[in-house]
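Protein chains: 2
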Amino acid sequence: MTRRKSRPTKSDRTREAILAAARTLFAEKGYEGATVRDIAGAANIDPSMVIRYFGGKEALFAQAAELNLRLPDLKNVPEDRWGEALVRHFLAIWEGESGINGLPVALRSAASNELAAERLRGIFTDQVAPALAKVAAGGPSTTAGLVSSQLLGLAFCRYVLKLPPVVALSSEQIVVEVGRVIQGLLKPG
Amino acid sequence: MTRRKSRPTKSDRTREAILAAARTLFAEKGYEGATVRDIAGAANIDPSMVIRYFGGKEALFAQAAELNLRLPDLKNVPEDRWGEALVRHFLAIWEGESGINGLPVALRSAASNELAAERLRGIFTDQVAPALAKVAAGGPSTTAGLVSSQLLGLAFCRYVLKLPPVVALSSEQIVVEVGRVIQGLLKPG
DNA sequence: TGCCTTTGTCAACAGGCGTTGGCAGATGGG
DNA sequence: CCCATCTGCCAACGCCTGTTGACAAAGGCA
Chain A
1 MTRRKSRPTK SDRTREAILA AARTLFAEKG YEGATVRDIA GAANIDPSMV IRYFGGKEAL
61 FAQAAELNLR LPDLKNVPED RWGEALVRHF LAIWEGESGI NGLPVALRSA ASNELAAERL
121 RGIFTDQVAP ALAKVAAGGP STTAGLVSSQ LLGLAFCRYV LKLPPVVALS SEQIVVEVGR
181 VIQGLLKPG
Chain B
1 MTRRKSRPTK SDRTREAILA AARTLFAEKG YEGATVRDIA GAANIDPSMV IRYFGGKEAL
61 FAQAAELNLR LPDLKNVPED RWGEALVRHF LAIWEGESGI NGLPVALRSA ASNELAAERL
121 RGIFTDQVAP ALAKVAAGGP STTAGLVSSQ LLGLAFCRYV LKLPPVVALS SEQIVVEVGR
181 VIQGLLKPG
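So the sequences go chain by chain: A and B. Just so we're aligned: the first sequence equals residues 1 to 189 in the numbering used here. Just so we're aligned: the second sequence equals residues 1 to 189 in the numbering used here.
Structural data, given as structure tokens:
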């Protein structure tokens, strides 16, 4: 049926172009706001190809919203820098310096699209909670929930809502201020 | 033109029914997800009436998303309870115990709808920032931004995303945990 | 050369959207 | 009672959506 070569075929390249355009537009305008025609246009392709390559808009979104946070193992980080390390990691993701681009996609649509919400909850359950369970005092999932609430709130205000004073903050300020808060949640007292 | 009576006319009652249905559905499914036909159905009315009463979907949404947070004057609150007071106030809003129902409407759509986002930014500028400016140390709007990020993150995870461990928290736990964080932002050290 | 798979375009579909205008009862003041 | 206004339903509009199937050039293998 399909050719099984190792070299990238033409098909692979347009497939990647569609996926890149989808990620950009989904992150910008959300699931319902980004139409198949928009995405196809941004990828210089016919809308029907989007369906042929991915099976449908939902499947395309699911693939565009896939992500591995690659959270650092906090056991390799000094105890008093856990908050700082987490904030730095998430900032790098949001500033696009990590190659992890599914998080903006998922967060933008999570409020109005159940598929995106489920994806975000899955990321919490499968990635955030386990990573924090190893180091958190108290109810581990409770702590993980509060930490996520803090980090998502920051991302929402800075990158989605674009609240001016939060946008104006420097990365270093955020690392210090929010890092301190998260440090307090992980190691109270 | 219009009758100027003090007693509620029939028109007033259906107008209120439409508005109530709109608030519920907008808060549940977001701006694009809640259709005029849905809202009309929930209000037992014809879709065309929604347009006649409010001029259009956008205007209806603008009205449904109106809100006055009625933030407490922190000068009447002991300094060491500012965080607690703020968290209690916001929790009451989100639990529907305050009669302020525009915040869920605005937050649900803010990520995918510019009108809702602008509304939320306006609430920050006109209501949150001024209320905190009177008491915050350091850059007042910076502090207000970080506090909002915390409160919106909590609301997002608990009421919009419905992250299980955050939903499971009791009101009292939230008041204690998040109250402490916000207290720390308002009065560092 | 001839052929079959791939890569892509085009036109069209069915369905849902917000919105409009016309018409039918109800209502209430003169 | 009569007429004007109000309240509401109905059918339809133009538009945009995701998706489909038919058909045309391109490209490698025999």
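We treat Cβ as the ideally placed atom computed from N, Cα and C, and that holds for glycine.
For Gln-150 of chain A, the nearest CB of chain B lies under 8 Å from its own CB, placing it at the interface with that chain.
Separation of Pro-104 of chain A and Ala-59 of chain A (C-alpha to C-alpha, rounded to the nearest whole angstrom) is 17 Å. Of all residues in the segment 136-165 of chain A, only Ser-141, Thr-142, Ala-144, Gly-145, Leu-146, Ser-148, Ser-149, Gln-150, Leu-152, Gly-153, Leu-154, Phe-156, Cys-157, Val-160, Leu-161, Leu-163 and Pro-165 come within less than 7 Å of chain B when Cβ atoms are compared, listed by chain position.
Shown here for Ala-42 of chain A: same chain residues with a beta carbon closer than 8 Å to its own, the five before and five after excluded, namely Ala-21, Thr-24 and Leu-25 in chain order. Chain-ordered, the chain A residues with CB closer than 9 Å to the CB of Val-181 of chain B read Leu-146, Gln-150, Val-181, Gly-184 and Leu-185. In this structure Ala-133 of chain B is exposed. Its beta-carbon is surrounded by fewer than 16 other beta-carbon atoms within 10 angstroms. Between Ala-110 of chain A and Trp-94 of chain A, the alpha-carbon positions lie close to 16 Å from each other.
DSSP places Arg-81 of chain B in no alpha helix (DSSP H); its state is neither H nor E. Close to Glu-16 of chain A, with beta-carbon spacing below 8 Å, lies no residue of chain B; the smallest spacing is near 26 Å.
Neighbours of Phe-124 of chain A across chain B, judged by C-beta separation under 8 Å: Leu-163. Leaving aside the five residues that flank Ala-27 of chain A on each side, the residues in its chain whose CB is nearer than 6 Å to its CB run, in chain order, Pro-104, Val-105 and Arg-108. By a beta-carbon distance limit of 8 Å, Leu-152 of chain A contacts Gly-153 of chain B. Their separation comes to about 5 Å.
Collapsing the DSSP output to three states places Lys-162 of chain A in coil. In the three-state reduction of the DSSP assignment, Asp-46 of chain A falls in the coil class, being assigned neither a helical nor a strand state. Within chain B, Ala-111 and Ser-112 have C-beta atoms less than 8 Å from the C-beta of Arg-108 of chain A, given in sequence order.
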